[in-house]
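Written out below as structure tokens is the structure these notes cover.
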Amino acid sequence: MNSSNSEKASLPQRNEFWKLVFPWVLTALFLLFLPVIFASNSALTIMNQMAITIIFALAYNMLLGQGGMLSFGHAVYMGVGGFMCVHVMNYVEINSAPLSLPFLPIFGGLFGLGLATLVGTFSTRSAGTVFAMISLGVGELIAACSLIIVAFFGGEEGVSADRTYMRPFFEIEFFTQIEVYYLTSVWLLISALLMYLFSRTPIGRMANAVRDNPERAEFLGYSARWVRYYSFCASGFFCGIAGALFAINFEILTEENLNLATSGSILLVTFLGGVGVFFGPIIGAVLFTLLQTVLGLYTELWQLYLGALFLATVMFFPQGFAGVLVSHAPAARNGRLGSLFIPYVKMAAPSAVCLWSVAGLAELLFHARHAALGEEEMVYFGINMLSTSVIPWTVFGGLAVISFGICRTVAPSVLEAWDKAITPKGMAQ
Amino acid sequence: MQRFTKIVAAGIVTTSMSVMAGFADTVRIAFVDPLSGPFATTGTNGLAEYEFAAEELVNKKGGVLGGKQFEIVAFDNKMSGKESLIQVQVAIDQGIKFIAQGNSSGIAHAITDAVNKHNRRNPDNRVLFLNYSAVDPALTNEKCNFWHFRFDANADIKMDALTDVMAQNSDLKKVYLIGQDYSFGKAVADAAVRDLTAKRPDVEIVGNELHPIGKVKDFTPYARKIIASGADAMITGNWGADMVGLGKAVIEAGFTGPIYTYYAASNGITRTFGEAGKGSIYLVAEGLQNPPVSERMSTYVDAFNAKYPDHDISQARITNVVEMLAKAIDEAGSDTDVVAIANALEGMTHDSIWGGKVFMRPQDHQAIQNVHVGVHTDEDMRHPLDNSTFGILGTNTVEMAGAESETTCKMDRP
Amino acid sequence: MELVVINIIDGLVTGLLLFMLSSGLTLIFSMMGVLNFAHASFYMLGAYFAYQISSITGFWMGLLIAPVIVGVGGALVERYGLRRVHQFGHVPELIFTFGLALLIEELVQFFWGKNQMAYESPETLQFAAFAIGGNSVPAYKVFMIFISVGIFLGLLYVLTRTRVGMVIQAALSYPRTVEALGHNVPLVFMGVFGVGTALAGVAGVIAGPVLGTFPGMAVVLGSIVFVTIVIGGLGSLWGALVASLLIGWLTTFAASYNVEFETILKFFGMEKPEIMSESALRDIWTLTLPQIGPILPYILMILILVFRPNGLFGKRDA
Chain A
-3 MNSSNSEKAS
7 LPQRNEFWKL
17 VFPWVLTALF
27 LLFLPVIFAS
37 NSALTIMNQM
47 AITIIFALAY
57 NMLLGQGGML
67 SFGHAVYMGV
77 GGFMCVHVMN
87 YVEINSAPLS
97 LPFLPIFGGL
107 FGLGLATLVG
117 TFSTRSAGTV
127 FAMISLGVGE
137 LIAACSLIIV
147 AFFGGEEGVS
157 ADRTYMRPFF
167 EIEFFTQIEV
177 YYLTSVWLLI
187 SALLMYLFSR
197 TPIGRMANAV
207 RDNPERAEFL
217 GYSARWVRYY
227 SFCASGFFCG
237 IAGALFAINF
247 EILTEENLNL
257 ATSGSILLVT
267 FLGGVGVFFG
277 PIIGAVLFTL
287 LQTVLGLYTE
297 LWQLYLGALF
307 LATVMFFPQG
317 FAGVLVSHAP
327 AARNGRLGSL
337 FIPYVKMAAP
347 SAVCLWSVAG
357 LAELLFHARH
367 AALGEEEMVY
377 FGINMLSTSV
387 IPWTVFGGLA
397 VISFGICRTV
407 APSVLEAWDK
417 AITPKGMAQ
Chain B
681 MQRFTKIVAA
691 GIVTTSMSVM
701 AGFADTVRIA
711 FVDPLSGPFA
721 TTGTNGLAEY
731 EFAAEELVNK
741 KGGVLGGKQF
751 EIVAFDNKMS
761 GKESLIQVQV
771 AIDQGIKFIA
781 QGNSSGIAHA
791 ITDAVNKHNR
801 RNPDNRVLFL
811 NYSAVDPALT
821 NEKCNFWHFR
831 FDANADIKMD
841 ALTDVMAQNS
851 DLKKVYLIGQ
861 DYSFGKAVAD
871 AAVRDLTAKR
881 PDVEIVGNEL
891 HPIGKVKDFT
901 PYARKIIASG
911 ADAMITGNWG
921 ADMVGLGKAV
931 IEAGFTGPIY
941 TYYAASNGIT
951 RTFGEAGKGS
961 IYLVAEGLQN
971 PPVSERMSTY
981 VDAFNAKYPD
991 HDISQARITN
1001 VVEMLAKAID
1011 EAGSDTDVVA
1021 IANALEGMTH
1031 DSIWGGKVFM
1041 RPQDHQAIQN
1051 VHVGVHTDED
1061 MRHPLDNSTF
1071 GILGTNTVEM
1081 AGAESETTCK
1091 MDRP
Chain C
28 MELVVINIID
38 GLVTGLLLFM
48 LSSGLTLIFS
58 MMGVLNFAHA
68 SFYMLGAYFA
78 YQISSITGFW
88 MGLLIAPVIV
98 GVGGALVERY
108 GLRRVHQFGH
118 VPELIFTFGL
128 ALLIEELVQF
138 FWGKNQMAYE
148 SPETLQFAAF
158 AIGGNSVPAY
168 KVFMIFISVG
178 IFLGLLYVLT
188 RTRVGMVIQA
198 ALSYPRTVEA
208 LGHNVPLVFM
218 GVFGVGTALA
228 GVAGVIAGPV
238 LGTFPGMAVV
248 LGSIVFVTIV
258 IGGLGSLWGA
268 LVASLLIGWL
278 TTFAASYNVE
288 FETILKFFGM
298 EKPEIMSESA
308 LRDIWTLTLP
318 QIGPILPYIL
328 MILILVFRPN
338 GLFGKRDA
């Protein structure tokens, strides 16, 4: 009697367990077979860069999304972890110490953790502006130190090391990019999983509570400050891991790894992906790395587009990309996801045309202003055109206006479809 | 149009690369420098110079190896070490054998290190690093390697030439040294102290200091100090906004002596100094344009300015890079065997379009060439800069500067 | 001694310039609770607009018109951007201004390119007003002092003697109450944002010829403005003034005196290592004050936040 009862109870539990494990197994398989499609060294380098950004962004979101703490100097934890790892690599090379490369991220994590435990003692006393400004100050301070304290940071040219001089790991010496890719992927999985589990621990849950209402959390008997401190330290640990992976991939760390621009861009990445959802920063990191590396090859204006995209995200989708995805859950539950398809296409087509032509106008203007004299020809999406002729200007301008007009007329019907889709079946409007 | 080459490049990144790697029958040179962000001016300027030099000096003369054309492929490194390494990797994957970079010695260190590692790990796919502008002496000394060639005179050689000129000025009593707080700024200061004490022991160095790079909003306090020290000349290796800020503040505060610099021309700097800097800003460089050394040179500069009115030939040695590489490829009889090409470049003597000869010293791969000192003025200006009436007029020339300079380079040869 | 006097004057110029930026920022913060990261970008826009206008009509028209354009632009940003984001909370608001700063920098490069602009001070002021010990003070700097003091007095008058000023002052301390009293707070917000950005614009117009007009000018000044208002105490105009002058003098004097760390370390009884290149602390031993001058404000800010989170004069919790 008893035993059959417990079996019945464990069935949904096992279901629940698989629901948790399944996405991770899928991700692992995905990472395993990704190099089959993208086999070149540069593609691997970009994917490694993506993985590093993902870990960094997830660690950053432990503060921003889960803890509500806005840091403007978070690059230093990743940077210092990376710098220490480069020194560890050099130490191993000189003293032939028994350490092989796959274990290096543990050191990076510990150094990141060490710095965070130090800084956290005074920076996490309060959240909000005080925390933000202290993080800015500390970030600026360490970035400035990196140019002054040459013995450790190597000044402007940074410090470099050679990963292949570490002890071979089962005869793997990490000469090739693919070996490094698998090392990075394993660490990506481990850290993402750990961070996910952290968000489900009582501390992780309390971080949410402290974010939303610190006073209430205090009344429940939790010290808001210590909850913030623990989140901060944990975040520092994973930033350090990201730094170590950076050191392994690029074998060099410079001031750039510490400065405010890097700290700022991780804020953008995380926000773009969506701070409210665990996997948000992953989307942000993938998107951002692609934009940075690939869009940069297409156009000199990539930063302009990135800035515009970012501003548009804040204004219209403050929940980020992941937030937009998650907001479809009610519609999916109602089984009405399909009903949104046609309205979305109706909206997407003119919006795409609108964006395309506005970007075309920007490129035309930029070309007309900055290209070499006599060089009138430019290429936009494989179309040759003359930036001095009136035709492309009128075409782009006309298209932009018309498609914008269509967008505006279509918008109400899309909103209506959306309202319908998220309303549970059987409920009256 | 470079944008088209970029689109090709991007297609290669996103899709599989190996398929497209061997398609080109051109000799491609990857230009890895900042094309966006705050340092993009020097990058886009350099790119224009490369494209023009490749077109005029190689392609219009029939290319190399009996018809192969030079093609410059632009990669934006965003002035970031990390991005540079990614872009170099992309370039190598595309089958490009020559990496050209120049802006920032820090990035040059990263690239020379990465190229060295790459060539050691991939002996069947080696590449060369053509450093056309990064002047940190370490690159051809303790950090030298076989794959790195420097076409600019390094900071020590330039300082040697500069102090030769300063030593002739008998009015000189007190000199103030100021620079940016990083490897290059320190190298300039060290060289200045060493050379001045050797050549003019009677000259007093009244100040020797470094300021944070790119962080000083207002140079007035520094200017006050310089004037209060009673210096009658100053030396600085500053570049970019730090150069303009320092120069303007010093002149505004009433400093009248000569200001000896490395990078106080073009990219808006010449125009900004304008009348205020006339006769007081001196600059050490190779490849001076005024007075013109030959009709050929003048025609080349005029043609460049006609095509790129917003740019200047601010890095004259780029023509040497292109011409010497073309020669070396012809000599080696191959555009893929980089060891043979490197061997051909080693010890090569080349007649530069800017007059004089360029000798690629085999011990350390440092180009030895004439180095000039010029003054910022609008008199006798055949080739002004920045669309202004001002430019740099040569005052002194040091023939084959630094030919005897020592090097600590110990090169591992393949 | 002469150097001290001249440094006091220079520090005053820097400090007052900083005040023009920080006064607007602190007003905006205390009213709307948003740290405007794009504030220095409006300063940059002021300089660029003034450069463009002055190349047609001369400097003085630029001084009049450019700040107005910047202010109107700021008000529009508030009306159509910030107000929309406001409903999502403070973090998105802050991130909005952060993105705006990036976008403005890109737009400036898009239109004016990346070079330094040849934006000059007016010819009528291109002479040395006086000289102390061979160090001349340009007339333009004297003019800068006068115009910033003038603006400060004007601001003080508006805030303390006019009805609008009273509403703003009340809103500084009790924004909710003011709204409850029936004042059109959104309109006041828009006005304050416009005026604050216009002040930044003025600062850009008059600083452009001295500090240079280039795309990086906002970044160089951006975070230091925050530091100023945090040190002074968020929302306090007097605090902003004191902190601005403090930072102005601090950075000026730090850049002027080559105090070596060697003397300080020896004072604490430390032994100078014999072989410098072997020592891990070699960079500390050779450090001089000007090298760390620009980061002194950040150290000061961290200390203040740790020991006095409200800043020097702030009443409200940061």
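Chains as they are written, first to last, in my numbering: chain A, -3 to 425; chain B, 681 to 1094; chain C, 28 to 345. The beta-carbon is built from N, C-alpha and C at its ideal position, and this holds for glycine as well.
Annotation: residue 1007 of chain B to residue 726 of chain B spans about 21 Å, alpha carbon to alpha carbon. Residue 122 of chain A reaches chain C at 336, counting residues in chain order whose Cβ is nearer than 7 Å. Annotation: residue 209 of chain A to residue 283 of chain A spans about 32 Å, alpha carbon to alpha carbon. At a cut-off of 8 Å between beta carbons, residue 908 of chain B contacts chain C. Contiguous alpha helix (DSSP H) elements confined to the region 126 to 210 of chain C occur at 166 to 188, 190 to 200, 202 to 207, taking only those with 4 or more residues. Judged by beta-carbon spacing, residue 63 of chain A lies beyond the 8 Å limit of residue 196 of chain A, meaning their Cβ atoms are not closer than that value. Beta-bridge partners assigned by DSSP to residue 1029 of chain B: B:1039. Neighbours of residue 30 of chain A in chain B, taken as residues at a C-beta separation under 9 Å, are lacking, since the least C-beta distance is about 13 Å. What residue 762 of chain B touches in chain A, judged by beta-carbon distance under 7 Å, is 246, 252, going in chain order. Ranked by Cα distance from residue 19 of chain A, the first of A:152, A:192, A:404 is A:192. Out of A:30, A:220, A:240, A:89, the CA that lies nearest to the CA of residue 122 of chain A is found in A:220. Sequence-distant Cβ neighbours of residue 74 of chain A in its own chain, meaning closer than 6 Å and more than five residues away, are 52, 235, 238, 239. In the DSSP assignment, the residues bridged to residue 940 of chain B are B:915, B:962. As DSSP reads the structure, residue 828 of chain B sits in a beta bridge with B:809.
Counting only runs of 4+ residues, the alpha helix (DSSP H) found wholly inside the region 121 to 196 of chain A occupies 124 to 144, 146 to 149, 173 to 196, in chain order.
Spatial neighbours of residue 339 of chain A in its own chain (CB-CB distance under 7 Å, excluding positions within 5 residues in sequence) are listed in chain order as 409, 410, 413. Annotated three-state conformation of residue 1078 of chain B is strand, per DSSP. Across the set B:888, B:1078, B:1056, the C-alpha of B:1056 shows the shortest separation from the C-alpha of residue 1070 of chain B.
For chain B, the residues of the region 153 to 170 of chain C that bring a beta carbon within less than 7 Å of one of its beta carbons are 155, 158, 160, 161, 162, 163, 165, in chain order. Remark: C-beta atoms of residue 782 of chain B and residue 713 of chain B approach each other more closely than 8 Å. At a cut-off of 8 Å between beta carbons, residue 1092 of chain B makes no contact with chain A. The Cβ atoms of residue 99 of chain C and residue 221 of chain C sit closer than 8 Å to each other. The C-alpha of residue 923 of chain B is placed about 21 Å away from the C-alpha of residue 164 of chain C. Note on geometry: alpha-carbon atoms of residue 377 of chain A and residue 353 of chain A lie some 11 Å from one another. Taking CB atoms only, residue 125 of chain C has a neighbour in chain A less than 8 Å away. Counting the other CB atoms within 10 Å of its CB gives residue 385 of chain A a total below 16, which places it among the exposed residues.
Non-local beta-carbon contacts of residue 295 of chain A in its own chain, meaning distances under 8 Å to residues more than five positions away in sequence, involve 301, 359 in chain order. Rounded to whole angstroms, residue 229 of chain A and residue 249 of chain C show a C-alpha spacing of 29 Å. At least one C-beta of chain B is nearer than 8 Å to the C-beta of residue 283 of chain C. Look at residue 380 of chain A here: in three-state DSSP terms it is strand. Looking only at A:104, A:69, A:88, A:93, the smallest Cα-Cα distance to residue 79 of chain A is reached by A:104. Between residue 269 of chain A and residue 281 of chain A, the C-beta gap is smaller than 8 Å, which places the two residues in contact. Of all residues in the region 211 to 244 of chain C, the ones placed with a Cβ closer than 7 Å to any Cβ belonging to chain B are 238, 239, 241, 242, 243, in chain order. DSSP places residue 710 of chain B in no alpha helix (DSSP H) but in the uninterrupted beta strand (DSSP E) bounded by 707 to 713.
By the CB criterion at 8 Å, residue 835 of chain B and residue 1082 of chain B fall outside the cutoff. Counting only Cβ-Cβ distances below 9 Å, residue 892 of chain B has contacts in chain A at 140, 143, 144, in chain order.
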